[in-house]
Ligand SMILES: C[S@@+](CC[C@H](N)C(=O)[O-])C[C@H]1O[C@@H](n2cnc3c(N)ncnc32)[C@H](O)[C@@H]1O
């Protein structure tokens, strides 16, 4: 997940679907709040958070089966960011952008 804010959706996916979720957000404070939320909801083992920039994702190529971003793309240089999204996704992976 790219741009988690305070972690609502990441925790939901971990809690309700059982997904392993790797999350980045550019704001340190968002990451701290999201980590606290994951701890409270007992999903810290499944939802991992770190500071990172959507334009230079701190992940190797072809790492993920799916990538999701909610209410973030309006803040991005979409040409650069979407190339990054494609780089970290495996072939035939899913991407969800609103
Ligand atoms: C409107 S909030 C949406 C947060 C969350 N997805 C939600 O729906 O509640 C936008 C988020 O995008 C993050 N963001 C903005 N630019 C970013 C970038 N270049 N890389 C990663 N995150 C970014 C902000 O820090 C903020 O947490």
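Numbering (the working numbering), first residue to last: 32 to 129. The beta carbon of each residue, even a glycine, is placed where N, CA and C say it ideally should be.
Work out the CA separation of residue j and residue i for me, nearest whole Å.
i, j, result
"residue 38", "residue 119", "21 Å"
"residue 48", "residue 105", "27 Å"
"residue 70", "residue 84", "23 Å"
"residue 44", "residue 62", "16 Å"
"residue 108", "residue 86", "8 Å"
"residue 58", "residue 125", "25 Å"
"residue 53", "residue 110", "22 Å"
Just verifying my parser: in three-state terms, what is the DSSP assignment at residue i?
i, result
"residue 41", "helix"
Exercise for the section: Kindly provide the chain-ordered list of residues whose Cβ lies closer than 5 Å to any non-hydrogen atom of ligand 1. Expected result: 34, 36, 56, 57, 58, 61, 84, 85, 101, 102, 103 and 106
Exercise for the section: List in chain order: all unbroken alpha helix (DSSP H) runs of 4+ residues lying wholly within the stretch 58-119. Expected result: 59-71 and 109-119
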